[in-house]
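Right, one structure below, let's go through it.
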Amino acid sequence: MSRKRTTLLFYLFISPWLLGFFIFTAGPMIYSLFISLTDFSGIGSAKFVGLANYAKMFTGDPLFWKSLWNTFVYTIFGVPLGLIAGYLLALLLNTKVKGLGVWRTIFYLPSLVPAVASSLLWLLIFQPDFGVANAILRWANLPTSNWLLSEAMSKPTLIIMSLWGAGGGMIIYLAGLQDVPTSLYEAAELDGAGPLRKFFTITIPMTSNVIFFNLIMGLIGSFQVFTQAYVVSNGKGGPNNSTLFYVLYLYSNAFSYFKMGYASALAWILFLIILVVTVIQFKFFGNKVYYGDSTN
Amino acid sequence: MDISKVPENTRKKKSRSIKQGRKWSKIISYLLLIILSVVFLFPFLWLVFTAVKPEREVLTFPPRMFPSVWKWSNYPEVFKLIDFGQYYLNSIFVSLIGVFGTVLSSTLVAFGFARLKGAGHGIWFALLLATMMLPSQVTMIPVYLIYSKLKLVNTFVPLTLGAFFGSAYYIFLQRQFFLTIPKSLEESARLDGANTFQIFAKIMLPLSVPSVITVALLTFMGFWNDFMNPLIYLNDQSKYTLALGIMQLQGSHVVAWGPLMAASVMVIVPVIITFFVGQKYFIQGIATTGSKE
Amino acid sequence: MKKSFGLKLASLAMLSLGLVAALAGCGSGSSKGGTTEKKEDVTLRIYTWNQDPSGAKREQAIFDEFTKDTGIKVKQVVAPWDKYVDKFMTMASSNTLPDLTWIQTASFATIQKKGLLMDLDSYVKKNIDTDKFLPSALKIGQIDGKQWALPRDMSAQQLSINTDMLKEAGLSMPKNDWTMDEFLDYAKKLTKVENGKTTVFGIDNFYLSPLLLAYSGNNITNPAGTKITIDQKNDVAGVQFASDLVNKYHVSPTSAQAQGISNMFVAEKSAMAICGPWDWQNISENAKFNWDVIPMPTVNSSSVQPQAGLPIGVTSQTKHKKEALQFLKWLSAGRGQKLQMKGVGSVPVLKSQVNDVTKTEFAPKNASSLVDILEHSKMWIAAAYTEDYAEIQTKANNEVSNIILKNLDAKTDLKKLAKSLRSEYNLK
């Protein structure tokens with residue numbers, strides 16, 4: 001085939017995505033940037049207000065900072081914990097245990113449960129008065145908690161809930177762990193390396209690509225946490241705004257208060273935050289990641 | 001690749017103490033696995049047993065795992081309390097259209113990226129990967145406003161139309177699979193006179209059944225579990241999907257933990273069936289995206 | 001070769017486009033009805049809320065009677081209560097509002113000021129005999145003296161009371177004109193504690209608005225909505241009492257104790273609860289005990305009874321103005337009144353029919369006390385009809401929840417709240 005013809009075919013085949021890119025991504029992004037500079041309720045016409053939305057966000061809206069802080073706390077604790085939990089599970093499953101399929105299924109299934117269903121379930125488990133979580137604590141003579149209804153505990157509780165889904169990461173780590181050539185361990189053993197040294201000099205570096213992938217995707221996902229917070233607080237972000245996460249606040253502005261301009265500005269700031277965080281990760285970890293010998 | 005097969009350990013000569021240590025670490029491994037399994041399974045069990053508890057027993061303290069009477073009527077009760085059957089049909093409809101659209105568009109686009117190195121290939125591929133990291137909230141409002149202007153709010157169009165334009169994640173997954181198919185097959189077909197489309201439809205697609213199934217299953221779950229889009233776009237309760245529909249049980253006038261959990265069970269079951277049906281492809285597919293960047 | 005490839009790709013593209021089009025048609029097909037030409041084909045859409053489909057079905061049965069009377073079809077668009085206004089605005093922005101709408105009183109003025117309701121003033125003057133209505137029934141549909149909606153029903157919030165528990169505690173039914181002190185005494189005596197854990201609360205969550213109405217006759221603002229009143233002496237006392245019920249007397253559940261139980265009264269976890277006639281059927285069908293209703297206790301001479309009522313409006317986006325008005329009249333002043341009372345237990349707004357509510361299937365013994373309030377008591381719908389009232393109410397309710405949750409000093413906290421509300425909404 002000629003180069004020209006290949007190019008033509010290439011564009012034909014990718015045309016659905018290309019069209020979608022312009023209609024659903026690039027075009028709306030520009031539109032969104034424009035809306036963020038206006039005061040617009042969705043009804044009537046938009047009023048141009050320059051950078052007023054951005055100015056209000058940083059100077060006159062305590063809930064913006066609150067939601068940012070909530071999201072930050074949830075991310076800074078939730079993502080590493082999820083990462084570690086998933087990795088430890090994978091390590092455990094990688095010890096040549098019998099019945100791998102069964103164990104794997106047990107740990108993986110919870111991550112597939114629809115967020116609405118799992119949140120409702122946890123709501124019952126963490127019900128302070130007749131929930132089983134407090135019953136177990138009381139039985140063990142430990143202090144009980146109001147969990148999702150406590151301003152201090154609501155975010156930790158959401159993190160605990162998210163750990164139930166750690167099996168999603170586990171599957172990816174497990175595949176990565178099983179791709180590590182056994183010969184490397186054998187060579188290290190001949191050199192007299194102990195299990196800890198093997199872990200830190202072989203296992204971790206050789207699976208750094210999957211860890212990195214999960215870290216990036218985990219952070220992006222965590223910044224966008226919505227459904228759980230919506231379900232457990234009935235869309236309100238309570239108690240006392242302690243589960244008002246960034247996207248929940250954005251959603252409320254757009255679809256409850258109909259402040260489309262302000263919500264668009266919030267969306268752009270979120271985008272910038274995610275962009276910066278992702279770039280930083282690539283800068284710091286990107287060059288330390290082992291990508292294997294795959295040809296692509 | 002079948003990851004359940006663990007590479008055989010061929011090393012034979014070991015000192016006695018290492019063997020002893022291995023034995024202990026095995027015991028600890030199993031012990032940990034059992035404890036963790038209990039922890040991971042517990043919420044499931046709680047769900048299943050609450051679903052058949054009389055309301056009174058849900059509200060007593062201390063709570064008990066097993067109901068004294070098995071109240072199976074919680075299940076039919078769900079259909080009385082909310083329009084559960086309608087929501088189920090809506091969810092199935094939206095999910096199936098979504099799966100169809102995604103599979104169709106993702107395979108086409110993935111083939112383009114995997115096999116046709118046309119001018120600009122690199123740039124578009126980089127853009128494709130970049131969109132995976134773009135938070136959907138940036139485009140959510142303008143896209144909503146467009147659908148609103150087109151009077152398509154409160155229809156299933158905004159939930160499903162996007163699927164026909166491909167999704168970066170699934171395009172990427174599908175492309176990775178296409179890359180593993182040897183080029184020689186394609187070349188010999190071309191010698192036999194097949195054109196590019198025929199190669200795509202008659203060689204690549206049949207050979208990538210596993211990845212197509214993976215994409216289909218993952219998409220199905222994605223659409224089935226989707227909460228935010230239905231929340232934004234659906235106004236009329238008769239159009240609700242399950243994720244949105246079961247939320248209503250929470251706020252209803254009648255105390256309904258039993259039926260609520262029964263409804264949750266019924267929402268989860270298709271996901272679990274999907275998982276078991278496609279387990280092999282599924283795990284492999286997810287692992288592929290993660291480990292080969 | 002080339003050609004066939006192009007053809008195939010084209011047909012594939014067509015196929016997917018066709019599917020998308022079919023999908024679009026499928027999705028929007030059922031919601032059409034706005035552009036019908038022939039008169040006999042008119043389908044009105046009415047926006048309602050309902051938590052359970054059986055409730056929506058009962059409403060539909062009533063609407064179907066209108067179809068029998070007039071040949072005009074009626075389709076419901078149903079949304080949940082707490083998403084009701086959001087979804088209304090969503091539909092408004094895409095110009096797809098239903099022809100008629102139920103109205104939540106707190107946001108009545110919000111949607112009216114946005115121009116989304118039709119002015120009914122001249123229609124009502126010409127076509128409706130306003131003397132037939134109960135005093136203040138028409139008022140719940142008026143903003144600035146003009147009629148923007150007509151009431152479907154009018155009632156008042158009362159307290160439901162578990163009479164079996166009364167008997168068990170050796171108490172008699174309280175008098176209809178009881179005071180808040182007597183109420184507290186009852187609440188204390190009806191609360192049951194076992195092994196340090198409260199098993200029955202005297203009263204389920206006492207909503208803020210009836211308490212404020214009892215203490216001061218205001219509800220965050222004055223009825224005109226021109227003045228923030230929540231930091232005045234009586235209002236502060238009301239909020240403090242709400243907090244004391246939970247934190248001092250322990251006769252009402254904390255949010256933690258109440259979470260996950262949507263109806264403590266029916267679950268026999270509380271002896272009393274706020275109750276309107278719309279709850280009667282639910283309680284009758286689900287309660288396994290005897291119960292009755294009792295008016296809200298009063299505090300002082302400013303006490304006002306919490307009025308409830310459902311205004312129905314015609315939206316400004318309707319294309320069937322005439323039919324919509326005909327339907328509205330049928331619902332508010334016509335045959336619909338009786339049917340709604342029988343079908344869903346709504347209290348008629350017409351003087352001639354209001355007494356019938358005591359004879360409905362689910363009416364408790366003391367239902368006459370409700371009629372008595374409707375005919376004689378000072379009442380307020382507990383929502384000022386101003387554009388910002390819904391927002392003010394949300395903010396105040398959140399702050400009061402916080403006061404109760406953390407057992408804060410009501411006076412200082414409400415001072416702060418009032419100050420910020422005044423400056424944000426430019427009120428006195």
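Chains as they are written, first to last, in full-length UniProt numbering: chain W, 1 to 296; chain E, 1 to 293; chain C, 1 to 428. The C-beta atom is built at its ideal place from N, Cα and C for all residues, glycine as well. It should be emphasised that the depicted structure is a prediction, and the values quoted were computed from it without experimental measurement.
- For E189 of chain W, the secondary structure class from DSSP, reduced to helix, strand or coil, is helix.
- Among the residues of chain C, those whose CB is under 9 angstroms from the CB of N240 of chain W are N398, S401, N402, L405, K406, following chain order.
- Taking the Cα positions, F282 of chain E is about 48 angstroms away from A61 of chain C.
- Take L244 of chain E, set aside five residues on each side of it, and the residues of its chain with a beta-carbon closer than 8 angstroms to its own are Y87, F227, P230, L231, L234, in chain order.
- W178 of chain C sits in coil when the DSSP states are folded into three classes, being neither helix nor strand.
- Taken through DSSP and simplified to helix, strand or coil, E194 of chain C comes out as strand.
- For the segment 255 to 269 of chain C, residues whose beta-carbon sits nearer than 9 angstroms to a beta-carbon of chain E comprise G260, I261, S262, N263, M264, V266, A267, E268, K269.
- Taking each of C:Q147, C:G276, C:I228, C:K288 in turn and checking the Cα distance to Q112 of chain C, the smallest one comes out for C:Q147.
- Contact between the segment 110 to 126 of chain C and the segment 68 to 83 of chain C is absent: fewer than three C-beta pairs spanning the two stretches fall below 8 angstroms.
- Across the structure, Q157 of chain C and I35 of chain W are spaced so that their CA atoms are roughly 44 angstroms apart.
- Taking all protein chains in view, the Cβ of S332 of chain C is crowded by 16 or more other Cβ atoms within 10 Å, so the residue is classified as buried.
- Contact annotation, T131 of chain E with F220 of chain E: C-beta distance approximately 22 angstroms; criterion of less than 8 angstroms not satisfied.
- Residues of the segment 76 to 101 of chain C whose Cβ lies closer than 8 angstroms to any Cβ of chain E, in chain order: V77, V78, A79, P80, W81, D82, K87, T90, M91, S93, S94, N95, T96.
- Distance from the CA of G170 of chain C to the CA of D164 of chain C, rounded to the nearest whole angstrom, comes to 10 angstroms.
- The continuous stretches of beta strand (DSSP E) do not include V113 of chain W, and DSSP gives it neither H nor E.
- Just so you know, the alpha carbons of Q259 of chain C and P43 of chain E end up roughly 19 angstroms apart.
- Contacts between S238 of chain E and chain C, judged by CB atoms closer than 8 angstroms, involve V78 in chain order.
- Residues of the segment 97 to 125 of chain E with a Cβ closer than 7 angstroms to any Cβ of chain W, in chain order: S105, L108, V109, F111, G112, F113, L116, K117, G118, A119, H121, W124.
- Against chain E, the CB of S352 of chain C has no partner CB under 8 angstroms away; the residue lies outside that interface.
- Neighbours of F164 of chain E in chain W, taken as residues at a C-beta separation under 7 angstroms, are given in chain order as P16.
- In the DSSP assignment, P311 of chain C falls within the beta strand (DSSP E) that extends over 305 to 314.
- For I103 of chain C, the CB contacts under 6 angstroms within the same chain, skipping 5 residues up- and downstream, are A149, P311, G313 in chain order.
- Here I128 of chain C has K329, A333 as same chain residues with Cβ atoms under 7 angstroms from its own Cβ, once five neighbours each way along the sequence are excluded.
- Our two residues, E268 of chain C and T315 of chain C, have alpha carbons roughly 42 angstroms apart in a direct line.
- If you check the CB distance, G166 of chain E and Y11 of chain W do not come in under 8 angstroms.
- Counted as a single uninterrupted DSSP element, the beta strand (DSSP E) harbouring N162 of chain C occupies residues 158 to 162.
- In summary, no residue of the segment 145 to 172 of chain C has a CB separated from any CB of chain E by less than 7 angstroms.
- Under the three-state reduction of DSSP output, D119 of chain C falls in the coil class, being neither helix nor strand.
- Bridge partners of S270 of chain C according to DSSP: C:F201.
- Beta-carbon to beta-carbon, V109 of chain E and W17 of chain W are separated by about 4 angstroms, close enough to satisfy the 8 angstroms threshold.
- By the Cβ-count criterion, D41 of chain C is exposed, with fewer than 16 other Cβ atoms from all chains shown falling within 10 Å of its own Cβ.
- Judged by DSSP in its simplified three-state form, V74 of chain C adopts strand.
- The beta carbon of D83 of chain E falls within 8 angstroms of a beta carbon belonging to chain C, placing the residue at that interface.
- Following the DSSP letters along the chain, one finds I103 of chain C in no beta strand (DSSP E), marked with neither H nor E.
- Of the residues assessed, H320 of chain C falls on the buried side of the cut-off, its CB having 16 or more other CB atoms within 10 angstroms.
- For L339 of chain C, the enclosing alpha helix (DSSP H) covers residues 336 to 344.
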